[in-house]
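K.L.:
Take the sequence shown: its position 66, counted from the start at 1, is 62 in the working numbering, and no numbers get skipped.
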Amino acid sequence: MGLMEPVDSDDLWFAYNLIAPGDSVMAVTVRKVLRQMASGSRDAERVKLKLEIKVEVVDYDKEGSVLRIRGKNILENEHVKIGAFHTLEIELHRAFVLRKDLWDSLALDTLHQAADPTASADLAVVLMQEGLAHILLVGRSMTITRSRIETSIPRKHGPAIAGYESALNKFFENVLQAFLKHVDFNVVRCAVIASPGFTKDQFHRHLLLEAERRQLRPIIENKSRIILVHTSSGY
């Protein structure tokens, strides 16, 4: 049994891949019920209640950020009979309980990825241009931005040239620190440094020189797994 609460669309995607026909899902839901009035007439009313259904169909509405789970009710309730069909709608920040007869290795792997999506990211990307860089981790089902580094770089002309060099070095140092923090070569197979122009080449040179100077073993031992790629933009 697992209690889960999706906080973003990625969590809903993982839940969609985790819930399968035959599982049971329990959540608070709203259902229209008919009440007998004193006059003898019947009036429809929307009632909030807790249901548990045996899953038959799971749909993921990406645009609406909602998971729709259809099946038969298996939890005794005064408003909904056992065996009655119902569709649970799981939205962001709406907790639910998932029960499986067997949590196999595939389900456990999906659960592990949901808890730590970076654990399956096998590609790191440093997408950059002068003064701006993003460090991304790319996995099987999603791309996660782990860091955004932004530094004001003065123009590269006239007396401002000294300030330009200083600001650029500071920018590269900030990117290097973020790289060390977020890129784990025990997990990722390679790292891509991408930019328009020569920013990628300048940062790559800075990265390797500083790695040798400071004896940064993760970079020194994996420098052959760092690839340079030209892009039209650093965004």
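The C-beta atom is built at its ideal place from N, Cα and C for all residues, glycine as well.
Source: prediction; values computed, not measured.
1) Quick check on the burial criterion: 16 or more other C-beta atoms within 10 angstroms. Buried or exposed for residue 81?
2) Taking the alpha-carbon positions, what's the residue 191 to residue 153 distance?
3) Is the segment 163 to 179 in contact with the segment 87 to 102, if contact means three or more CB pairs nearer than 8 Å?
4) Check whether the segment 46 to 65 touches the segment 117 to 125, counting contact only when three or more Cβ pairs, one atom from each stretch, lie closer than 8 Å.
5) Looking only at C-alpha atoms, which of 177, 223 and 12 sits nearest to residue 212?
6) Between which two residues does the alpha helix (DSSP H) harbouring residue 98 extend?
7) Could you pull the start and end residues of the alpha helix (DSSP H) that residue 198 belongs to?
8) What residues are listed by DSSP as bridge partners for residue 28?
9) Take residue 21 as the anchor and find which of 91, 76 and 61 has the nearest alpha-carbon.
10) Taking C-beta to C-beta, are residue 171 and residue 194 nearer than 8 Å?
11) If we require 3 or more residues per run, which beta strand (DSSP E) segments fall completely within the segment 123 to 152?
12) As a quick exercise: from 143, 127, 133 and 144, pick the residue whose alpha carbon is nearest that of residue 150.
13) Excluding five sequence neighbours on each side, which residues of the same chain lie with their C-beta closer than 6 Å to the C-beta of residue 215?
14) In three-state terms, what does DSSP make of residue 229?
15) Which word fits residue 12, buried or exposed, when buried means at least 16 other C-beta atoms lie within 10 angstroms of its C-beta?
16) Can you name, in chain order, every residue of its own chain whose Cβ lies under 6 Å from the Cβ of residue 25, other than the five neighbours on each side?
17) Does the distance from the CB of residue 181 to the CB of residue 142 come in under 8 Å?
18) Would you decide whether residue 60 is buried or exposed? Buried here means 16 or more other CB atoms lie within 10 Å of its CB.
19) Quick one: grab the DSSP three-state call for residue 75.
20) Residue 105 bridges to which residues according to DSSP?
21) Do you know how far the Cα of residue 205 is from the Cα of residue 217?
22) Starting from residue 215, follow the beta strand (DSSP E) in both directions and report where the run begins and ends.
23) With distances taken between CB atoms, is the gap from residue 122 to residue 189 smaller than 8 Å?
P.N.:
Working from what's here:
1) Here residue 81 corresponds to residue number 85 of the sequence shown, with the count starting at 1. Under this definition residue 81 is an exposed residue.
2) One-based indexing of the sequence shown puts residue 191 at position 195. One-based indexing of the sequence shown puts residue 153 at position 157. Distance between residue 191 and residue 153, taken at the CA atoms: about 22 Å.
3) As far as the Cβ criterion goes, the segment 163 to 179 does not touch the segment 87 to 102, which means the pair count is below three.
4) Short answer: they don't touch.
5) Position 216 of the sequence shown, counted from the start, is the residue given in the question as residue 212. Here the closest residue by C-alpha is 177.
6) By one-based count along the sequence shown, residue 98 stands at place 102. Element bounds for residue 98: n/a, residue is neither H nor E.
7) The residue you call residue 198 lines up with position 202 of the sequence shown. Start and end: 195 to 210.
8) Residue numbering aside, residue 28 sits at position 32 when the sequence shown is read from its first letter. In the DSSP output, where bridge partners are listed per residue, residue 28 has 42.
9) Here residue 21 refers to the residue found at position 25 when the sequence shown is read from its first residue. Selected option, being the one with the closest Cα: 91.
10) Along the sequence shown, one-based indexing puts residue 171 at 175. Along the sequence shown, one-based indexing puts residue 194 at 198. Not in contact: residue 171 and residue 194 (Cβ atoms no closer than 8 Å).
11) Taking only runs of at least 3 residues, the beta strand (DSSP E) segments lying wholly in the segment 123 to 152 are 128 to 134 and 139 to 146.
12) As a working mapping, residue 150 is identified with position 154 in the sequence shown. In this structure, 127 is the residue among 143, 127, 133 and 144 with its C-alpha nearest to the C-alpha of residue 150.
13) Reading the sequence shown from its first residue, position 219 is the one you call residue 215. For residue 215, where only same-chain residues beyond five positions count, the Cβ hits under 6 Å are 207.
14) For the purposes of this step, residue 229 is identified with residue 233 of the sequence shown, where counting begins at 1. Residue 229 falls in the coil class under three-state DSSP.
15) As a first step, residue 12 must be located in the sequence shown, where it is residue number 16. Result: buried.
16) Position 29 of the sequence shown, counting from 1, holds the residue named residue 25. By the criterion of a C-beta distance shorter than 6 Å, residue 25 is surrounded in its chain by 47 and 84, once the five residues flanking it on both sides are discounted.
17) Position 185 of the sequence shown holds residue 181. Position 146 of the sequence shown holds residue 142. Cβ distance not < 8 Å, so residue 181 and residue 142 don't count as in contact.
18) Position 64 of the sequence shown, counted from the start, is the residue given in the question as residue 60. When all chains shown are included, residue 60 counts as exposed.
19) Counting from one through the sequence shown, the residue named residue 75 turns up at place 79. If DSSP states are grouped into helix, strand and coil, residue 75 belongs with coil.
20) By 1-based counting over the sequence shown, the position of residue 105 is 109. In DSSP, residue 105 forms no bridge with anything.
21) Within the sequence shown, the letter at position 221 stands for residue 217. Within the sequence shown, the letter at position 209 stands for residue 205. When the Cα atoms are used, residue 217 and residue 205 turn out to be separated by approximately 13 Å.
22) By 1-based counting over the sequence shown, the position of residue 215 is 219. Counting along the chain, residue 215 falls outside any beta strand (DSSP E), though it belongs to the alpha helix (DSSP H) covering 213 to 216.
23) In the sequence shown, the residue the question calls residue 122 occupies position 126. In the sequence shown, the residue the question calls residue 189 occupies position 193. In this structure, residue 122 places its C-beta atom within 8 Å of the C-beta atom of residue 189.
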